[in-house]
Each structure stands twice: as C-alpha cells, then as structure tokens.
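Add 11 to the 1-based position in the sequence shown for this note's numbering, that's all there is to it.
Ideal placement from N, C-alpha and C gives every residue a C-beta, glycine not left out.
Input: a single structure, listed below in structure tokens.
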Amino acid sequence: MTMKIKSIKQIKQIGIFSDFSSGGSKRFEKLTLLYGFNAQGKTTLCDIFQSLSENNSNIIKNRKTIPYDNTSQLVELSVKINDNESNLKFKDGHWDSNNLKQNIKIFGTDFIHKNVFTGLTIERQNRENFTDFILGEEDTTKAKELEVIKSELRKINLKNAVPLYVKSKSEQEINDFVNLNITENINDLKEKFSKKNAELIKEQENLKNVEQILSKKDLPDFKENKLKSIVTCVRFINSILLKSFNSIKNDVISKMSNHIQLNFNNFDAAEKWIKEGVQISKSKENKANCPFCGQNLSNAKDLLNT
Numbered sequence: 012m013t014m015k016i017k018s019i020k021q022i023k024q025i026g027i028f029s030d031f032s033s034g035g036s037k038r039f040e041k042l043t044l045l046y047g048f049n050a051q052g053k054t055t056l057c058d059i060f061q062s063l064s065e066n067n068s069n070i071i072k073n074r075k076t077i078p079y080d081n082t083s084q085l086v087e088l089s090v091k092i093n094d095n096e097s098n099l100k101f102k103d104g105h106w107d108s109n110n111l112k113q114n115i116k117i118f119g120t121d122f123i124h125k126n127v128f129t130g131l132t133i134e135r136q137n138r139e140n141f142t143d144f145i146l147g148e149e150d151t152t153k154a155k156e157l158e159v160i161k162s163e164l165r166k167i168n169l170k171n172a173v174p175l176y177v178k179s180k181s182e183q184e185i186n187d188f189v190n191l192n193i194t195e196n197i198n199d200l201k202e203k204f205s206k207k208n209a210e211l212i213k214e215q216e217n218l219k220n221v222e223q224i225l226s227k228k229d230l231p232d233f234k235e236n237k238l239k240s241i242v243t244c245v246r247f248i249n250s251i252l253l254k255s256f257n258s259i260k261n262d263v264i265s266k267m268s269n270h271i272q273l274n275f276n277n278f279d280a281a282e283k284w285i286k287e288g289v290q291i292s293k294s295k296e297n298k299a300n301c302p303f304c305g306q307n308l309s310n311a312k313d314l315l316n317t
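Printed below as a string of structure tokens:
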C-alpha cells in the first residue's frame, strides 16, 4: 500500500498562514522543492507535517497565528492511498482518520535538536572519546545530561580553586577590591616598598643601641635665676622681632624730636645746626662723638636723612 501527500488545500490560523487556500492546485511530485525567505512559512509547514507524523495536535495548537482572531485552526490535505485520493483534515483540535502517522518522517530543526549532538564544545581534557556527532534521541539525551554534570563539576572545582584568603572575604569586600582605581604601576610600588623597608631596618638598628642611649648622662639642672634670665631675654627678643621697620624708625625719630624740643627753642634751626655740626666734625669717617650729646656719630647721616 502506497500513501502520498498530493497537495495542501487549506491552512488557517497556523503560524504565518492566517487564511491560506489553494484548492489543491499545487501538486506534490516524487521530489518537490519549497523555497522561501525567512519567516515565509517553511518551519510552519514542517510543524504541520511533524504533528501529522506524531499525531500530536499540540504542535499545531502552539502555533496559533498572531494576532489570533478566534477562528478555528484548520489544515486540509489531499492524500492518495493506492489509487484513491481523499482529504485529511485537522479540525476541532485534532486530526481525523490519520493513516499517515507511521509513513511520514520529518528531518527538521526538532529532529536535529533531539537526535544530533555535536561534540565540538566538549573539552579534550575530560578524556571522554566522543565522535564528531552523536546520533539517536536516547544517546543525545545522555550526552546533554553528561554536559550538565560536567558543568556542575567545573563550578565545584572553581570554588575549590579560590584561595583561603579570598574565601574569608565578603562579596562586598571582593567587589571593592576588584573596582579599585589603581594609578601606580608595579615598579613604583616596589620602589616605595624598598624605601620603607630601608627605613624600617634603620629604626631596628637604632633600637639595638637603646642601652647606649639610656647610659648617657642627664643634662645639668638649670638654676632658677638663670632660667628667669633666659626667659626675660627671649621675651625681649620676641618683642623686638614683632616690631616692623617703620615702627622702629618712628620710635627713633620721636626720641630725636623730644631731645631737640628739650634743648632748643627753634626746631628748624636746631635741625640745621645739627646737620652742619656733623659736617664740621673733626672725624672724617664720622666716628667721633657728638659734642652736644656725647653719642657716636657713625650713623648720624642716615638718621638725619630719614
């Protein structure tokens, strides 16, 4: 007994075929090639034939057209058995009188997924000797289960490979360390370490001389009166240092003005008298003492010029 699918008459609400109808005008021969771009319905046809070969209505039910308009799904095929041709339909959610389920084979994506397993992604270090392909649904399932087991084993080995000093850290501490913004290179860090190490060695050597340090004689005690004298001198020096040049100059000019007012009736005439007196002094180097006040005249010109 020979069975052949001769044509597809109708397909409704399945995949891209929302309402397809040819009336059986396109006939299938011994070899028929269907060509189309992506999303043009090739996979949908494979799913229809897959549903027919397995007598599995769920394959078609899961391929409802989007958007679905609540119209019942329908497939109508023209089937020739021996010399008689009749219609085979999928309607009301199932196939009617499906006599082809044992006589049709589909080698589509679903077949490859179930029956073909490539061993190209298996690592050689696992020592399992796989051929390029594993054929058969049962063997493919076992191969996939093996891959899951090996994946879990790799995760366990990865955890065991983590150093103890990392295991003791929290996830946040590890993330903070990974996200550190490192600006120094290894050579700079080595140089800094060498300097710090040299300083440490020097300090350790100094600590070895602690007995020598402790054996030094204590400084002699200062007597109280000497200490007071030092404090007085320091305070005086500090008071001088706090004064500016202008304040010192003003003090000198003020004292000179007071001296002139005490000893002269006319201030302007006195200033002229003092200048002329300095010029007619016996000492050409101005190192003589003033005949008026008895002070040394070495800085007299600078004072008068101010």
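Cβ-based neighbour list, L252, same chain, cut-off 8 Å, excluding 5 preceding and 5 following: none
Quick one: give me the first and last residue of the beta strand (DSSP E) that N98 is part of. N95 to K102
Please tell me whether V90 and K37 are closer than 8 Å, where the distance is taken between their beta carbons. In this structure, V90 sits away from K37, with a CB-CB distance that is not shorter than 8 Å.
Taking contact to mean 3 or more Cβ pairs, one atom from each stretch, closer than 8 Å, check whether the stretch 107-121 and the stretch 36-51 are in contact. With the cut-off at 8 Å, the stretch 107-121 and the stretch 36-51 do not touch.
Pairwise C-alpha distance: S258 and K286: 24 Å
Span of the alpha helix (DSSP H) holding D121? It spans T120 to N126 - the alpha helix (DSSP H) in which D121 sits, taken as one unbroken run.
Out of K41, N192 and F28, state which residue places its alpha-carbon closest to the alpha-carbon of Q84. F28
In angstroms with no decimal places, state the Cα-to-Cα distance between N73 and K20. 21 Å
Which residues bound the alpha helix (DSSP H) around I212? I197 to K219
Given E195 as reference, the closest of K203, V189 and F188 once Cα atoms are compared: Cα-wise, what sits closest to E195 is K203.
Span separating the alpha-carbon of L175 from that of Q183: 16 Å
Need the endpoints of the beta strand (DSSP E) that E87 sits in, please. L85 to I92
Is R38 helix, strand or coil by DSSP? strand
Work out the CA separation of N114 and D58 for me, nearest whole Å. 16 Å
Cβ pair L63, K102 closer than 8 Å: Between L63 and K102, the CB-CB gap reaches or exceeds 8 Å.
Quick check on the burial criterion: 16 or more other C-beta atoms within 10 angstroms. Buried or exposed for N109? Result: buried.
Counterpart residues of I25 in DSSP-defined beta bridges: I25 is bridged to F28 and K75.
Within 10 Å of its beta-carbon, does T13 have 16 or more other beta-carbons around it, so buried, or fewer, so exposed? exposed
Bridge partner(s) assigned by DSSP for I16: V90
For T82, which residues from the same chain have a beta carbon less than 7 Å from its beta carbon, with the 5 sequence-adjacent residues on both sides left out? K23 and Q24
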